[in-house]
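**Student:** Quick one: structure below, then a few questions.
Numbering (my numbering), first residue to last: 8 to 121.
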């Protein structure tokens with residue numbers, strides 16, 4: 008009887024679980040490691056984690072979380088890949104219009120054409 012009650016309770020609680028609107032993957036953990044250690048490998052791991060978030064978000068047909076396109080663009084700027092950085096900044100601005108002020112500042116700061 009207790010097993011049935013426990014099973015019923017588990018079913019009821021899991022039925023109430025919400026699915027996440029945004030997919031972050033392990034990007035926050037990878038970001039922490041990149042900032043803490045600041046090695047080429049930790050930054051490369053963070054970049055790869057962002058790429059996984061982009062592909063998984065597309066697969067799930069969910070928007071990429073705010074700020075991640077911008078973070079990726081900053082990594083590309085550090086690699087001096089300005090054309091790709093511009094593309095990701097425009098994606099950030101398109102997906103999250105409230106980031107327009109920051110994105111416009113970054114365009115100006117790094118001499119990129121919007």
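Quick reminder that beta carbons are idealized off the backbone N, C-alpha and C, glycines included.
Among 101, 67, 63, which one has its Cα closest to the Cα of residue 77?
**Tutor:** The residue given as residue 77 occupies position 70 in the chain shown. Checking every option, the nearest Cα to that of residue 77 belongs to 101.
**Student:** So is residue 93 buried or exposed if we call it buried at 16+ other beta carbons inside 10 Å?
**Tutor:** Position 86 of the chain shown, counted from the first residue, corresponds to residue 93. Buried.
**Student:** Say whether the segment 67 to 76 touches the segment 43 to 56, bearing in mind that this needs 3 or more beta-carbon pairs closer than 8 Å, one atom from each stretch.
**Tutor:** no
**Student:** With H, G and I counted as helix, E and B as strand and the rest as coil, what does DSSP make of residue 60?
**Tutor:** Translated into the one-based positions of the chain shown, residue 60 becomes position 53. Of the three classes helix, strand and coil, the one that applies to residue 60 here is helix, per DSSP.
**Student:** Do you know how far the Cα of residue 80 is from the Cα of residue 26?
**Tutor:** One-based indexing of the chain shown puts residue 26 at position 19. One-based indexing of the chain shown puts residue 80 at position 73. Whole-angstrom Cα-Cα distance: 28 Å.
**Student:** Go ahead and label residue 37 buried or exposed: buried means 16 or more other beta carbons lie within 10 angstroms of its beta carbon, across all protein chains shown.
**Tutor:** Locating residue 37 in the chain shown gives position 30, where the first residue counts as 1. Under this definition residue 37 is a buried residue.
**Student:** Looking at the secondary structure, which residues open and close the alpha helix (DSSP H) in which residue 111 lies?
**Tutor:** By one-based count along the chain shown, residue 111 stands at place 104. Start and end: 107 to 116.
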